[in-house]
Each structure stands twice: as C-alpha cells, then as structure tokens.
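Okay, so here's the structure we're looking at.
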Amino acid sequence: EKSGYPHFMLKEIFEQPRAIADCLRGRLDVKNHSVQLGGLTDVLDQLVNADRLVIAACGTSWHAGLVGEYLFEHLAKLPVEVEYASEFRYREPLIDENDVMLVISQSGETADTLAALRTAKERGALALGVCNVVGSTIARDTDAGVYTHAGPEIGVASTKAFTTQVSVLAMMAILLGQKRNTIEEEYAARLIEELNRIPDKVEQILDRSESVKEMAELFTYAPNFLYLGRTYNFPVALEGALKLKEISYIHAEGYPAAEMKHGPIALIDAMMPVVVIAATDHTNDKMISNIEEVKARKGRIIGITGEDNEEVINLSEFSCPIPETEDCLSPLLTSIPLQLLSYYIAVNRGCDVDQPRNLAKSVTVE
Ligand code: F6R
Numbered sequence: 247e248k249s250g251y252p253h254f255m256l257k258e259i260f261e262q263p264r265a266i267a268d269c270l271r272g273r274l275d276v277k278n279h280s281v282q283l284g285g286l287t288d289v290l291d292q293l294v295n296a297d298r299l300v301i302a303a304c305g306t307s308w309h310a311g312l313v314g315e316y317l318f319e320h321l322a323k324l325p326v327e328v329e330y331a332s333e334f335r336y337r338e339p340l341i342d343e344n345d346v347m348l349v350i351s352q353s354g355e356t357a358d359t360l361a362a363l364r365t366a367k368e369r370g371a372l373a374l375g376v377c378n379v380v381g382s383t384i385a386r387d388t389d390a391g392v393y394t395h396a397g398p399e400i401g402v403a404s405t406k407a408f409t410t411q412v413s414v415l416a417m418m419a420i421l422l423g424q425k426r427n428t429i430e431e432e433y434a435a436r437l438i439e440e441l442n443r444i445p446d447k448v449e450q451i452l453d454r455s456e457s458v459k460e461m462a463e464l465f466t467y468a469p470n471f472l473y474l475g476r477t478y479n480f481p482v483a484l485e486g487a488l489k490l491k492e493i494s495y496i497h498a499e500g501y502p503a504a505e506m507k508h509g510p511i512a513l514i515d516a517m518m519p520v521v522v523i524a525a526t527d528h529t530n531d532k533m534i535s536n537i538e539e540v541k542a543r544k545g546r547i548i549g550i551t552g553e554d555n556e557e558v559i560n561l562s563e564f565s566c567p568i569p570e571t572e573d574c575l576s577p578l579l580t581s582i583p584l585q586l587l588s589y590y591i592a593v594n595r596g597c598d599v600d601q602p603r604n605l606a607k608s609v610t611v612e
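Taking UniProt numbering, I'd label the letters of the sequence shown as residues 247 to 612.
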C-alpha cells in the first residue's frame with residue numbers, strides 16, 4: 247500500500263531514513279566501533295585474504311557497485327573491478343579461486359547478474375551477494391551475503407535499494423579495512439558514528455523536499471540534462487541521470503566532471519541544466535572550475551553541495567544543500583535530492599512514475 251503517498255516511488259524515497267536504519271541495525275556497534283555482518287562470518291577469512299574483488303551488477307545496482315569500488319580501495323586497500331554483469335558473462339573473464347565475486351541485485355532475479363555469478367563460481371571464485379529480496383535466486387545461489395533489509399521496493403525506479411546497497415558496501419569496507427589493518431582505528435570509529443547518523447541526515451534532506459519541487463517546476467521542459475560529479479559522487483551523477491531518463495524520459499547523461507572538457511562541453515548552452523554534485527572536499531576547487539566553465543557557456547547550474555559550501559551555493563542558480571558528512575559516505579545524502587528532482591519532473595510531465603514505459607521491475611530476460 248502507498249500509505250497516503252501518490253506513488254510508490256515517493257513513498258520509497260521517504261522511507262529511506264527507516265530503510266537505512268533497518269539496514270544498519272544490529273550490524274553497526276557504535277559503542278565498540280565495530281561492524282558485524284553475520285552473513286559473512288563463515289567466509290570472512292577468505293574475503294580478508296582475497297587478491298581481488300570483482301563486483302558485477304546491472305543498472306542502479308551497478309552504480310552502487312561503483313561506489314563500493316571506491317570504498318573498498320580507500321578503506322580496505324583491496325583491488326576492485328566493477329563489471330556490467332552482461333559484459334562480464336560474455337567475455338572470457340579472468341577470475342579464479344583467489345578472487346571474490348560480489349554481485350549486487352535488489353530483486354535477486356536479474357538474469358545477467360545471475361549468469362555472471364554462475365560464471366565466477368564455475369571458475370572457483372567465492373561468490374557473495376548483496377540482495378534485497380530474501381530467498382531470491384541470487385541470494386540462494388551465492389556462498390554468503392548480506393541482505394539490504396530495505397523492505398519491498400515496488401516502484402520500478404530504484405531508490406531505497408540503492409542507498410541501502412551503499413550502506414552495506416560501506417559496512418563491508420569498514421569491516422574489511424579493520425581486518426586487513428588498512429584503516430586507522432580513529433577513522434573507522436568516526437565512519438561508524440557517521441554512518442549511524444545518516445538516517446537523520448537523510449530525514450533533514452527530505453524535510454526540504456518542497457524546495458526541490460519548486461526547482462523541478464523550472465526544469466520540467468528541459469530537453470537534456472547533464473550530471474557531473476567526482477570521486478564518490480561520480481557514480482551519483484550516473485545514478486541521477488539514470489533516474490531522470492527512466493521516469494521522465496528526458497535525455498540525461500552523467501559524467502566524471504573532468505571528462506566534460508573531452509566532449510560534453512560542446513552541448514552546453516542556455517538551455518542546458520547541469521547538476522553539479524560537489525560534496526567531496528579534496529575535489530572542491532576542481533568542481534568550482536567546472537562550474538565556472540559551464541557558466542561561461544550560459545549553462546544553468548543546480549548545485550548539490552554541503553550546506554557550508556558557500557562558494558558552490560553562490561555560484562549555483564539553484565542549490566540543494568546537504569548536511570556535512572564524511573566524503574566517502576556522501577552518496578547516501580547526495581543521491582536523495584536527485585531522486586526527488588527526477589520524481590517531481592516526471593510528475594509534472596504527466597509520466598507514469600511507478601510503471602515507466604518499456605521497463606520492468608526485474609529483468610529476467612537476457
Ligand atoms: C533503475 C533500475 C534498474 C535496476 C536493474 C538491476 O532504477 O531499477 O536499473 O537497478 O535492472 O536490478 P536488480 O538490482 O534487481 O538486479
């Protein structure tokens with residue numbers, strides 16, 4: 247049931263504080279600064295000693311996987327490759343018993359993801375899963391895994407599945423970092439405390455949804471959108487663009503901000519809204535230069551940035567300030583206004599938000 251919301255998608259966006267809290271519950275031990283993931287206990291040694299982690303998924307789950315790559319590299323110093331499941335399965339992938347395959351799937355039924363998982367298992371890799379649907383085919387086929395506990399996701403556009411997938415990946419990366427001794431205790435403690443605060447911070451962003459709605463009015467009829475981000479927010483740029491495409495049918499592209507000069511800058515004119523996700527500290531100056539480049543070509547800047555980042559806020563035509571957080575956790579916050587933006591634009595355009603044309607909730611055909 248939609249519990250009074252006009253669409254499942256909006257209900258699921260607003261459920262995120264609870265969904266993330268459910269995902270973290272019993273796993274984050276804030277007092278002892280530790281992470282417990284019961285589903286991984288039996289395979290933890292193998293995971294800790296792995297040479298390499300291969301992540302395979304499709305769509306939004308693949309975007310969560312990209313955030314995972316940055317988290318595992320940064321916190322656990324573990325080499326990671328992120329693969330489109332459909333590409334991985336049709337190559338002759340180099341994967342063996344020293345590698346770990348991690349598949350990510352909300353439904354647990356995506357045909358290509360399942361096939362990638364089976365390919366990796368045949369070659370001897372340990373197979374782990376991050377799924378939402380309990381008892382799904384992928385969940386059953388993996389050797390071990392972690393459920394996201396987001397609750398049923400009915401809207402075709404994935405929202406709370408993404409933020410809970412990223413939450414699981416963050417917990418896994420902290421746990422691995424601690425076991426591999428690649429993360430300072432003090433930093434791990436800070437991240438655990440901050441993860442625990444994420445549900446409240448998501449709530450604060452949702453409390454300001456009205457301003458995203460007003461912004462959506464202005465951009466409802468834009469024919470194209472560009473989304474730019476760096477480091478942890480590059481995958482968020484991809485995810486923001488996907489969300490807009492799938493439910494509002496507006497053409498949108500996500501890019502690593504620095505790649506703009508290598509092509510997409512040619513598209514920028516006074517008709518082009520550019521969503522800039524500037525929420526990682528050490529790339530802030532570079533993002534400001536990108537904003538200036540867009541503005542010099544009369545592009546319209548929508549800034550998703552830290553609430554103290556006055557520079558970006560002042561340079562943006564519209565901004566959506568988000569509470570301060572650790573850089574590596576920022577996708578959990580920056581993705582929220584982008585979900586809302588795509589939702590309100592789609593509603594303004596009269597689109598069928600929960601059942602977009604040509605899309606199915608789980609893609610069980612290849
Ligand atoms: C996007 C979306 C799809 C799915 C993709 C994978 O909003 O819903 O891109 O993310 O089909 O689905 P799962 O995670 O069920 O494997």
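Beta carbons are placed, not taken as given, at the ideal position from N, Cα and C, and that holds for glycine.
Alpha carbon of residue i to alpha carbon of residue j, nearest angstrom
i	j	result
R298	G391	17 Å
L274	R335	34 Å
S457	T571	21 Å
A366	V349	10 Å
P481	L324	19 Å
L256	E399	11 Å
L372	T388	8 Å
A434	V300	24 Å
K459	F471	17 Å
I444	P263	8 Å
Distance CB(residue i)-CB(residue j) smaller than 8 Å
i	j	result
M533	V520	no
C597	S413	no
V402	K248	no
I384	L363	yes
A331	T359	yes
A357	E557	no
K425	L290	yes
I559	T580	no
V346	L312	no
T477	Y316	yes
E438	V276	According to the sequence provided, residue 438 is Ile. The question's Glu does not apply to it. Going by C-beta atoms, I438 is nearer than 8 Å to V276.
Residue i - DSSP class collapsed to helix/strand/coil
i	result
Y467	coil
I301	strand
D531	helix
C566	strand
H309	helix
Y336	helix
T287	helix
M461	helix
R603	coil
G596	coil
Y478	helix
Y275	Position check: residue 275 holds Asp in this sequence, whereas Tyr was assumed. In the structure shown, D275 sits in a strand (DSSP, three-state: E or B).
residue 207	Here the chain covers residues 247 to 612 and nothing more, so residue 207 does not appear.
T610	coil
V540	helix
Where residue i falls, given that 16 or more other Cβ within 10 Å makes a residue buried
i	result
N536	buried
P602	buried
M417	buried
Q411	buried
A498	buried
V380	exposed
Y467	exposed
R546	buried
D600	buried
Residue i, enclosing alpha helix (DSSP H) - first and last residue
i	result
E329	Counting along the chain, E329 falls outside any alpha helix (DSSP H), though it belongs to the beta strand (DSSP E) covering 326-330.
V412	406-425
D291	290-294
M255	254-260
T383	383-387
I559	556-561
Residue range of the beta strand (DSSP E) that includes residue i
i	result
R369	Here R369 belongs to no beta strand (DSSP E), and DSSP marks it neither H nor E.
P502	497-502
Proximity test, Cβ basis, 8 Å: residue i and chain C
i	result
T287	Of the protein chains in this structure there is only one, and it is not chain C.
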